[in-house]
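Here the protein sequences come in this chain order: A and B.
Residue numbers for the first sequence follow my numbering, beginning at 687 and rising by one.
Residue numbers for the second sequence follow my numbering, beginning at 60 and rising by one.
The beta carbon of each residue, even a glycine, is placed where N, CA and C say it ideally should be.
Scroll down for the structure; my scribbles are underneath it.
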Amino acid sequence: MTTKYNNVYINETATVVGPYEDKGPLNKYFDKAYNDLYFKEKTFEQAEIKMIKESINILKNKNKTEKIDLIIGGDLLNQITASNYAAKEINANFIGIYAACATSTLELILGANFIENNLVKNVTVFTSSHNNTAEKQYRYPVEYGGPKPKTTTFTVTGAASAILSKTKKGMKIESGTIGKVVDSNTKNVFHMGAVMAKAAAETIKSHLEETKRKVDYYDLILTGDLGKYGKKILKEYLKEKYNIILKNYNDAGTMILEKKEYAGASGPACAPLVTYSYVFNQMKKGKYKKVLLVATGALMSPTMVNQRLTIPAIAHAISLEKVI
Amino acid sequence: MKDTYQAIVKKHTPKEDTFHNAFITFITGGLMGVIGEFLIEIYQKYMNVPYKEATTCMLITLIFISCLFTSLGFFDKWVNFCKCGLIIPITGFAHATQSAALEYKKEGLITGIGANMLKLSGAVIIYGIIGSFIFSLLRALVGIV
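This is the structure in structure tokens:
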């Protein structure tokens, strides 16, 4: 399902990251970095809340926003805890959403609908993930470590936020495609690339079909967190099944971290951290003019995995354009 | 179409270095055995502890060391490298228990540490007890015959 927007812009963005991302190749594009995973808080959960609050404060200062009309946010934790607790301290109408690592693009689509239809003047969106809170909830205790296969991805620590309005500044949101939940028949919790690549392929295909565009219309197609093996799977699957050959393609998960023992980065914050920092910057400079961001989410529940069910996945796409 | 996708996934999933992992595990696991033997010898020779008690002392020492290293924050890196060489011996059990306790220490003594400490290692205890019960039963039955 693709919706076109005529008058929605991402005016400003803000990113706050943890120590691993700060050591990564994109570090100079982030607004703020901490070298401590606790972010000077008592627990990792509280650290994640702090990250969100900081990123929104930075965003407010950058954009000189007086009043936030609506705020849409999400994260990876049960009951989207970090988002709710952060929103508690921001005086604004709040929608909390969950779409695993596809949260960021879903927020942009929802926000764009509110703006396009003149329901509100501005919308702030935020997404966060914290490596240690995610590990604790989905895998093993942090200090346990435990040997991991090569296909494992590493959840990023960071919060990214952006403000949307009709003011012609920043990046234009040209259209958005809401994806379907896709089951790739994979049960391997250590191979999220394989779980999500099929969903990404379906969303890319329906976006191109519904907008009647060729794949080379975009300067960059950026998936969220497929990792280096998921990237290969997506490319080959699109070619085999739909005869779409991805050329200007990259994956945010393979760009943000320098950790060779992992297949890449993952987490809801992965796609927006790269988009709101690096892509936003490069678009202003003119390197990219048209970007398709496809955030991919594995809708994984440890309970259902223990019940031997496969892991469903979803991908939402958003088309971003340089403001001329 | 399901099969096409699975075939592509299989093609792009890297193989784990089983031989390399097994070799490292063999060496490190063996080293753990040597360290254990060494500790037993020390307890016997220098502290005059009888063999049976020396074995217990050795286990306690290893548990203490691995719990300490887990708490200091670098044992998980060792486990990642040595894999089952450190997981199968008592060090793995201590590490699993200690890491869970650390993880939940801020959620209260009962609801945090108490309820979650055996999250990973609880299964070892349960099946350890069941296993030893069955084998003792078998031994008793064989003894009767």
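If you pair each beta-carbon of the segment 833 to 846 of chain A with each one of the segment 946 to 956 of chain A, do three or more pairs fall below 8 Å?
A contact exists between the segment 833 to 846 of chain A and the segment 946 to 956 of chain A.
Counting C-beta neighbours from all protein chains within 10 Å, is the total for M687 (chain A) 16 or more, i.e. buried, or is it exposed?
By the neighbour-count rule (16 or more Cβ atoms within 10 Å), M687 (chain A) is not buried but exposed.
Contact set between V828 (chain A) and chain B, taken where Cβ atoms lie within less than 9 Å
Annotation: Cβ neighbours of V828 (chain A) in chain B (cutoff 9 Å, chain order): D135, S158, L161, E162.
Compare the C-beta of A733 (chain A) with all C-beta atoms of chain E and state if any pair is closer than 8 Å.
This model lacks chain E altogether; the protein chains it does include are A and B.
If you count every other CB in all the chains shown that lies within 10 Å of the CB of E895 (chain A), and 16 or more means buried, which is it?
By the beta-carbon neighbour count (other beta carbons within 10 angstroms, threshold 16), E895 (chain A) is exposed.
Closer than 8 Å, CB to CB, is A768 (chain A) near chain B or not?
Judged by the 8 Å Cβ criterion, A768 (chain A) is not in contact with chain B.
Go ahead and pull the three-state DSSP assignment for N693 (chain A).
Residue state, collapsed to three classes: coil.
What residue range is occupied by the uninterrupted beta strand (DSSP E) comprising M687 (chain A)?
Careful: M687 (chain A) lies outside any beta strand (DSSP E) and carries neither H nor E.
Taking three-plus beta-carbon pairs below 8 Å as touching, is the segment 933 to 951 of chain A in contact with the segment 899 to 918 of chain A?
Flag = yes, the segment 933 to 951 of chain A and the segment 899 to 918 of chain A touch.
Roughly how many angstroms separate the alpha carbons of L763 (chain A) and V881 (chain A), rounded to a whole number?
One C-alpha to the other measures close to 19 Å.
Please confirm if T729 (chain A) has its CB atom under 8 Å from at least one CB of chain B.
Yes, T729 (chain A) counts as interfacial toward chain B.
Cβ of P1011 (chain A) within 8 Å of any chain B Cβ
For residue 1011 (chain A) there is no data in the structure shown, the boundaries of chain A being 687 and 1010.
K1041 (chain A) to K736 (chain A), Cα distance in whole Å?
An answer regarding residue 1041 (chain A) cannot be provided, because it is not within the stretch 687 to 1010 covered by chain A.
Minimum C-alpha distance to C956 (chain A) - residue among A:T813, A:E829, A:K945, A:K946:
Selected option, being the one with the closest Cα: A:T813.
State the DSSP-derived secondary structure class of I997 (chain A), mapped to helix, strand or coil.
Coil.
Residue span of the alpha helix (DSSP H) that contains G760 (chain A), given as start and end
Looking at the DSSP string, G760 (chain A) is not in any alpha helix (DSSP H); the run it does join, the beta strand (DSSP E), is 756 to 760.
Cβ of Y64 (chain B) within 8 Å of any chain A Cβ
It does: the Cβ of Y64 (chain B) has a partner Cβ on chain A nearer than 8 Å.
State yes or no: is the C-beta of L959 (chain A) within less than 8 Å of the C-beta of V977 (chain A)?
Not in contact: L959 (chain A) and V977 (chain A) (Cβ atoms no closer than 8 Å).
Determine, using beta carbons only, whether Y679 (chain A) comes closer than 8 Å to chain B.
No information on residue 679 (chain A) is available, as it lies outside the stretch 687 to 1010 that chain A covers here.
Could you tell me whether the Cβ of A155 (chain B) comes closer than 8 Å to any Cβ of chain A?
With 8 Å as the cut-off, A155 (chain B) counts as an interface residue toward chain A.
Check whether the Cβ atoms of N175 (chain B) and Y163 (chain B) sit closer than 8 Å, and answer yes or no.
Result yes, Cβ atoms of N175 (chain B) and Y163 (chain B) sit closer than 8 Å.
Closer than 7 Å at the beta carbon, the chain B residues around H877 (chain A):
Residues of chain B passing the Cβ test: T72.
Run through the DSSP bridge pairs and tell me what D869 (chain A) is partnered with.
Residue pairing from DSSP places D869 (chain A) in a beta bridge opposite A:P998.
I need the straight-line Cα distance from P109 (chain B) to V702 (chain A), nearest angstrom please.
For P109 (chain B) and V702 (chain A), the distance between alpha carbons rounds to 59 Å.
Using a 10 Å radius around the Cβ and a threshold of 16 neighbouring Cβ atoms, would you call V201 (chain B) buried or exposed?
It is exposed - the Cβ of V201 (chain B) has fewer than 16 other Cβ atoms within 10 Å.
Is Y923 (chain A) close to chain B, meaning its C-beta is less than 8 Å from at least one C-beta of that chain?
Under the Cβ distance rule, Y923 (chain A) counts among the residues neighbouring chain B, one pair being separated by less than 8 Å.
Partner residues on chain B for I890 (chain A), Cβ-Cβ distance less than 8 Å
Per Cβ cutoff of 8 Å: no residues; I890 (chain A) is ~15 Å from chain B at best.
Is K1073 (chain A) near Y706 (chain A), with beta carbons less than 8 Å apart?
Residue 1073 (chain A) lies beyond the stretch modelled for chain A, which goes from 687 to 1010, so this question has no answer here.
Where N817 (chain A) falls, given that 16 or more other Cβ within 10 Å makes a residue buried
It counts as buried.
Assigned exposure category for M878 (chain A) - 16 Cβ within 10 Å defines buried:
Its Cβ being crowded by 16 or more others within 10 Å, M878 (chain A) is buried.
Measuring straight from C-alpha to C-alpha, what distance separates I873 (chain A) and T996 (chain A)?
Before going on, a small fix: residue 873 (chain A) reads as Lys here, not Ile. Going from the Cα of K873 (chain A) to the Cα of T996 (chain A) covers about 5 Å.
Cβ neighbour criterion (16 or more within 10 Å) applied to F194 (chain B):
By the Cβ neighbour-count rule, F194 (chain B) is exposed, with fewer than 16 other Cβ atoms within 10 Å of its own.
If you measure from the CB of A786 (chain A), is any heavy atom of the ligand GTP nearer than 7 Å?
Of the ligands one can find in the structure shown there are none, so the ligand GTP has no counterpart to examine.
For a minimum of 4 consecutive residues, which ranges assigned as the alpha helix (DSSP H) are wholly contained in the segment 90 to 162 of chain B?
You should have 110 to 131, 134 to 141, 143 to 146, 149 to 162.
Helix, strand or coil: which one does DSSP assign to E802 (chain A)?
DSSP places E802 (chain A) in helix when its eight states are reduced to three.
So, are the CB atoms of A1003 (chain A) and T897 (chain A) less than 8 Å apart?
Taking 8 Å as the Cβ cut-off, A1003 (chain A) and T897 (chain A) do not qualify as a contacting pair.
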